[in-house]
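Undergrad: These protein sequence lines are chains A and B, in that order.
Residue 1 is where the first sequence starts when you use the numbering used here, and the numbers rise one by one after that.
Residue 213 is where the second sequence starts when you use the numbering used here, and the numbers rise one by one after that.
Even glycine gets a Cβ: it sits at the ideal position worked out from N, Cα and C.
The structure displayed is predicted, hence computed values, not measured ones.
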Amino acid sequence: MEGATTGELFWGGIAALVTLAIFSFLYKDNPVFKVVERIWVGVTTGYWTMLLYHTSFTDKVITPIFERGQYFYLFPVILGILMWFRLSKTYGFLARYSLAFYIGISTGIFIPLTIKTAILYQLHGTIRPIEPTWTGLMFALAFIGIICSLSYFFFSKEHKGLLGVSSKIGIYTLMIGFGTGFGLTVMGRVALLGQRVSFLHDYIASLLGALF
Amino acid sequence: MLVLVLLLGAALAAAQELPAPRGLSARDNPNDAGHGILLEWKAAPETDGVVAYEIYRLPWRPAEEGAPWTPAQAPDSAWILTGTVPIPATSYVDMDDEVRLGANYNPGYIPRGGVVHYRIRAMGPGDALSAFTPPVTATAHGDWWHTQRWNVLVIALLLGVLMVYFIRRSKEGAELYIRPIPGLQRIDEAIGRATEMGRPILFVLGTGTAGDVATLAAYTILARVAERTAEYQTKLLVPVNEPVMMVMAQATVKEAYLKAGRPEVYNPDNIFYISAMQFPYVAAVNALMLREKTATNFYMGVFHAESLLLAEAGSVTGSIQISGTDRVPQIPFFVAATDYTLIGEELYAASAYLAQDPKLVGPLKAQDLVKAGILIVAILGVLEATILGSGFISNLIEPH
Numbered sequence: 001m002e003g004a005t006t007g008e009l010f011w012g013g014i015a016a017l018v019t020l021a022i023f024s025f026l027y028k029d030n031p032v033f034k035v036v037e038r039i040w041v042g043v044t045t046g047y048w049t050m051l052l053y054h055t056s057f058t059d060k061v062i063t064p065i066f067e068r069g070q071y072f073y074l075f076p077v078i079l080g081i082l083m084w085f086r087l088s089k090t091y092g093f094l095a096r097y098s099l100a101f102y103i104g105i106s107t108g109i110f111i112p113l114t115i116k117t118a119i120l121y122q123l124h125g126t127i128r129p130i131e132p133t134w135t136g137l138m139f140a141l142a143f144i145g146i147i148c149s150l151s152y153f154f155f156s157k158e159h160k161g162l163l164g165v166s167s168k169i170g171i172y173t174l175m176i177g178f179g180t181g182f183g184l185t186v187m188g189r190v191a192l193l194g195q196r197v198s199f200l201h202d203y204i205a206s207l208l209g210a211l212f
Numbered sequence: 213m214l215v216l217v218l219l220l221g222a223a224l225a226a227a228q229e230l231p232a233p234r235g236l237s238a239r240d241n242p243n244d245a246g247h248g249i250l251l252e253w254k255a256a257p258e259t260d261g262v263v264a265y266e267i268y269r270l271p272w273r274p275a276e277e278g279a280p281w282t283p284a285q286a287p288d289s290a291w292i293l294t295g296t297v298p299i300p301a302t303s304y305v306d307m308d309d310e311v312r313l314g315a316n317y318n319p320g321y322i323p324r325g326g327v328v329h330y331r332i333r334a335m336g337p338g339d340a341l342s343a344f345t346p347p348v349t350a351t352a353h354g355d356w357w358h359t360q361r362w363n364v365l366v367i368a369l370l371l372g373v374l375m376v377y378f379i380r381r382s383k384e385g386a387e388l389y390i391r392p393i394p395g396l397q398r399i400d401e402a403i404g405r406a407t408e409m410g411r412p413i414l415f416v417l418g419t420g421t422a423g424d425v426a427t428l429a430a431y432t433i434l435a436r437v438a439e440r441t442a443e444y445q446t447k448l449l450v451p452v453n454e455p456v457m458m459v460m461a462q463a464t465v466k467e468a469y470l471k472a473g474r475p476e477v478y479n480p481d482n483i484f485y486i487s488a489m490q491f492p493y494v495a496a497v498n499a500l501m502l503r504e505k506t507a508t509n510f511y512m513g514v515f516h517a518e519s520l521l522l523a524e525a526g527s528v529t530g531s532i533q534i535s536g537t538d539r540v541p542q543i544p545f546f547v548a549a550t551d552y553t554l555i556g557e558e559l560y561a562a563s564a565y566l567a568q569d570p571k572l573v574g575p576l577k578a579q580d581l582v583k584a585g586i587l588i589v590a591i592l593g594v595l596e597a598t599i600l601g602s603g604f605i606s607n608l609i610e611p612h
């Protein structure tokens, strides 16, 4: 922020104060945090509402129906209107048709997609030869881990005997994976904190530079 | 100057020598929704010096802007470059289903049932270019059937048949065993604790959508929790981040209170919308935990980067926390920061375990059998690839 204008210093100052207000929650809940929290929720809700208006209502209702005459868009509009009937005690059941349609469509889209991505891609990636090399040994270990992890998610049988042993190895494998994921993400979060602290540092430096 | 002229002459000669691609054909791209054209041509001999091919097409324009372009009436400048492919490629799929690009019509759009004209030319070293091929024409059609995704169909059918079979068996009274899930056995204990302390219970449905499978599973757990809180008359708070989820959560809790015989205790204001934005939602929920001093927190559904933020705040307030999600990257945070975690599919199993509804128990049994099948296929596939060195099983399950 070197050589920042008065306007940049003003808006940067607001961003810095808001950042500190959010950080104040680390000490305890306080009035400053409450104010910023409510502003944040309010601003984002307003933003999201306008975003929805422009990206859903204008694009999917006004433009296609009134400007292009694509009347099949009336069908989702009717489903949307039905949602409002939940405010009525007599006709509240009509809202369920919209929900049923929404859930049904989502499920229909997700089932083949999940079979492809969660089963076929994973299975296809797992099947490969075990070679008599170091990489091959690593793959063999990973393969045992995969099989055992999968056995942990059997719900039809109690985890006893062979299934008990394999599921135990499976949960240990999962925990190793989770630990790795945890470390990786925490590093990412620390980097985000670093960015924020760096912003505060730069702002204070530029403010002092402007004042003195 | 002489050198420059010689170089220019050589470049021009190269451009003239570079032969145009041969055997260009265009047809509807198979297995798509009707917005793709497949172009194929013959590979140029290495001696030709071709390095890449440029694909040109006549732009699309809507009916109100004039009749479609034809190669005979289109000026040379009308042709638009749609792609460049390096050798040794001898095919190209032009696919575009966007009618508009911002406020303008998209000239690269391929209409379903509309005629599209193409021509290509070869590129050589430097700026050398061949002449264009004669134009070819194709019409895009949508396909109802993806001929290469039969493996998805087989698995879906197998799963469907098994589900129907087990649901019927369960309805006929057969006892289908589901192993106890540790996190679930603590639900009643956690609700009891909140009741004894006279403090509310918080149920967070995550930041997914109402159509997510994990969210749907979370509703079953919410129903169970709501039923218990109705019996004990404990306050249940459900802050949500999506309007549809709020409607569904209100319906779920209302039904649970009715089932518990306490409809008068139901308060729709306790199931409320906060914000659709992830982090403002988290800030508000975290503050809610501190202000309401919730004794028990449930996190069930789809979670993203907010998982640790929520679980840490709950941990600071000293709440008992039970979590469950199918989002693998977030499970480590729940494992680390909450008391009990339903890992991945345990969340789905939990809903079946709690409800003991044939419609939920049957599919769980079917899934277990399919998992056993996946396990067998994986072991056989690796053995086949290692011992026989072939890829029959791998080819069978190849995703498209």
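Beta-carbon of A:E8 versus every beta-carbon of chain B: anything under 7 Å?
TA: The residue labelled residue 8 of chain A in the question sits at position 8 within the first sequence. It does not: the Cβ of A:E8 has no partner Cβ on chain B nearer than 7 Å.
Undergrad: Any C-beta of chain A sitting closer than 7 Å to the C-beta of B:L587?
TA: Start at 1 with the first residue of the second sequence, and residue 587 of chain B comes out as number 375. Yes, contact with chain A.
Undergrad: Could you give the uninterrupted runs of the beta strand (DSSP E) lying entirely in the region 535–593 of chain B, keeping only those of 3 residues or more?
TA: You should have 552–555.
Undergrad: Under 7 Å, Cβ to Cβ, is there at least one residue of chain A near B:R391?
TA: Counting from 1 along the second sequence, the entry for residue 391 of chain B is found at position 179. Judged by the 7 Å Cβ criterion, B:R391 is in contact with chain A.
Undergrad: So, does the region 459–475 of chain B touch the region 147–163 of chain A, judging by three or more C-beta pairs under 8 Å?
TA: Too few Cβ pairs lie closer than 8 Å, so no.
Undergrad: Smallest Cα separation from B:G530: which of B:R503, B:V305, B:G556, B:A315?
TA: Here the question's residue 530 of chain B lines up with position 318 in the second sequence. Here the closest residue by C-alpha is B:R503.
Undergrad: For A:L20, is the classification buried or exposed, using 16 other Cβ atoms within 10 angstroms of its Cβ as the cut-off for buried?
TA: Indexing the first sequence from 1 puts residue 20 of chain A at position 20. So A:L20 counts as exposed.
Undergrad: Under three-state DSSP, which class holds B:D288?
TA: Numbered from 1 along the second sequence, position 76 holds the residue referred to as residue 288 of chain B. It is helical.
Undergrad: State buried or exposed for B:V437, treating a residue as buried only when at least 16 other CB atoms are found within 10 Å of its CB.
TA: Locating residue 437 of chain B in the second sequence gives position 225, where the first residue counts as 1. B:V437 comes out buried.
Undergrad: I'd like to know if the region 570–577 of chain B and the region 441–452 of chain B are in contact, where contact means that at least 3 CB-CB pairs between them fall below 8 Å.
TA: With the cut-off at 8 Å, the region 570–577 of chain B and the region 441–452 of chain B do not touch.
Undergrad: Going by beta carbon distance, what residues of the same chain come within less than 8 Å of B:D400, once the five residues before and after it are set aside?
TA: The sequence position of residue 400 of chain B within the second sequence is 188, counting from 1. Answer for B:D400: R440, listed in chain order.
Undergrad: Name, in chain order, the residues that DSSP records as bridge partners for B:M512.
TA: Here residue 512 of chain B refers to the residue found at position 300 when the second sequence is read from its first residue. For B:M512, which the question treats as bridged, DSSP gives the partners B:G536.
Undergrad: Starting from the C-beta of B:Y268, find all residues in its chain whose C-beta is less than 8 Å away, skip the five residues before and the five after it, and write them out in chain order.
TA: Residue 268 of chain B sits at position 56 when you count from the first residue of the second sequence. Closer than 8 Å at Cβ, skipping near neighbours: W291, I292, L293, T294, Y330, R331, I332, R333, F344.
Undergrad: Does A:M187 come out as helix, strand or coil in the three-state DSSP assignment?
TA: Counted from its first residue, the first sequence places residue 187 of chain A at position 187. Here A:M187 sits in helix by DSSP.
Undergrad: If I'm right that B:L371 touches B:A564 with Cβ under 8 Å, what's the distance once you round it to whole angstroms?
TA: As a first step, residue 371 of chain B must be located in the second sequence, where it is residue number 159. As a first step, residue 564 of chain B must be located in the second sequence, where it is residue number 352. No, B:L371 and B:A564 are not in contact; Cβ-Cβ is about 15 Å, not under 8 Å.
Undergrad: Compare the C-beta of B:K447 with all C-beta atoms of chain A and state if any pair is closer than 7 Å.
TA: As a first step, residue 447 of chain B is located in the second sequence; it is residue number 235 there, counting from the start. Answer no: the Cβ-Cβ gap between B:K447 and chain A never drops below 7 Å.
Undergrad: Which chain B residues are close to A:H201, counting only those with a beta carbon under 8 Å from its beta carbon?
TA: The count along the first sequence starts at 1 and reaches residue 201 of chain A at position 201. Per Cβ cutoff of 8 Å: no residues; A:H201 is ~22 Å from chain B at best.
Undergrad: Can you look up B:L214 in the DSSP assignment and give me helix, strand or coil?
TA: The residue given as residue 214 of chain B occupies position 2 in the second sequence. Only weak support is given to the placement of B:L214: the predicted model assigns it a pLDDT of 47, under 50, and the value that follows is read from those uncertain coordinates. B:L214 falls in the helix class under three-state DSSP.
Undergrad: Tell me, please, which residues DSSP counts as bridged to B:T421.
TA: Here residue 421 of chain B refers to the residue found at position 209 of the second sequence. In the DSSP output, where bridge partners are listed per residue, B:T421 has none listed.
Undergrad: Within the 7 Å Cβ cut-off, does A:T5 reach chain B?
TA: Here residue 5 of chain A is taken as the residue at index 5 of the first sequence, counted from 1. Chain B contact via Cβ: absent.
Undergrad: In whole angstroms, give me the CA-to-CA distance for B:L313 and B:R324.
TA: Position 101 of the second sequence, counted from the first residue, corresponds to residue 313 of chain B. Position 112 of the second sequence, counted from the first residue, corresponds to residue 324 of chain B. Between B:L313 and B:R324, the C-alpha separation is close to 18 Å.
Undergrad: Hey, is B:G354's beta-carbon within less than 7 Å of any beta-carbon in chain A?
TA: Within the second sequence, the letter at position 142 stands for residue 354 of chain B. So, not an interface residue.
Undergrad: Counting only beta-carbon atoms, is B:D309 nearer than 7 Å to chain A?
TA: Start at 1 with the first residue of the second sequence, and residue 309 of chain B comes out as number 97. By this cut-off, B:D309 is not an interface position.
Undergrad: Measuring only the C-alpha atoms, how far is A:G108 from A:K116?
TA: For the purposes of this step, residue 108 of chain A is taken as the residue at position 108 of the first sequence. For the purposes of this step, residue 116 of chain A is taken as the residue at position 116 of the first sequence. Taking the straight line joining both Cα atoms gives about 13 Å.
Undergrad: Mind checking who B:D306 pairs with in its DSSP beta bridge?
TA: As a first step, residue 306 of chain B is located in the second sequence; it is residue number 94 there, counting from the start. B:I249.
Undergrad: On the DSSP letters alone, give me the boundaries of the beta strand (DSSP E) that B:Y268 sits inside.
TA: Position 56 of the second sequence holds residue 268 of chain B. Where B:Y268 is concerned, the enclosing beta strand (DSSP E) stretches over 264–269.
Undergrad: From the DSSP output, read off the bridge partner residues of B:V327.
TA: Translated into the one-based positions of the second sequence, residue 327 of chain B becomes position 115. The partner list for B:V327 (beta bridge, DSSP) reads B:T351.
Undergrad: Nearest-angstrom Cα distance between B:K505 and B:Y493?
TA: On the second sequence, residue 505 of chain B is found 293 positions in, with the first residue counted as 1. On the second sequence, residue 493 of chain B is found 281 positions in, with the first residue counted as 1. Their Cα atoms are separated by approximately 18 Å.
Undergrad: 7 Å is my cut-off, CB to CB: does B:I543 come that close to chain A?
TA: Within the second sequence, numbered from 1, the residue matching residue 543 of chain B stands at position 331. At least one chain A Cβ lies under 7 Å of B:I543.
Undergrad: Along the chain, where does the beta strand (DSSP E) that runs through A:I127 open and close?
TA: Your numbering for residue 127 of chain A matches position 127 in the first sequence. From DSSP, A:I127 is part of no beta strand (DSSP E); its letter is neither H nor E.
Undergrad: Where does B:I413 fall in DSSP's three states?
TA: For the purposes of this step, residue 413 of chain B is taken as residue 201 along the second sequence, with counting starting at 1. Strand at B:I413.
Undergrad: Does DSSP classify B:D244 as helix, strand or coil?
TA: Residue numbering aside, residue 244 of chain B sits at position 32 when the second sequence is read from its first letter. B:D244 falls in the coil class under three-state DSSP.
Undergrad: Grab the span of the alpha helix (DSSP H) containing B:F491 for me, first residue to last.
TA: Against the second sequence, residue 491 of chain B aligns to sequence position 279. First-last of the alpha helix (DSSP H) with B:F491: 490–504.
Undergrad: Provide the residue(s) that pair with B:L449 in DSSP beta bridges, ordered along the chain.
TA: Translated into positions along the second sequence, residue 449 of chain B becomes position 237. DSSP, once it has assigned bridges, lists B:L414 as partnering B:L449.
Undergrad: Determine, using beta carbons only, whether A:T19 comes closer than 7 Å to chain B.
TA: Reading the first sequence from its first residue, position 19 is the one you call residue 19 of chain A. No, A:T19 lies away from the interface with chain B (no Cβ there is under 7 Å from its Cβ).
Undergrad: Does B:G593 have its Cβ less than 7 Å from a Cβ in chain A?
TA: Position 381 of the second sequence holds residue 593 of chain B. Yes, its Cβ sits closer than 7 Å to a Cβ of chain A.
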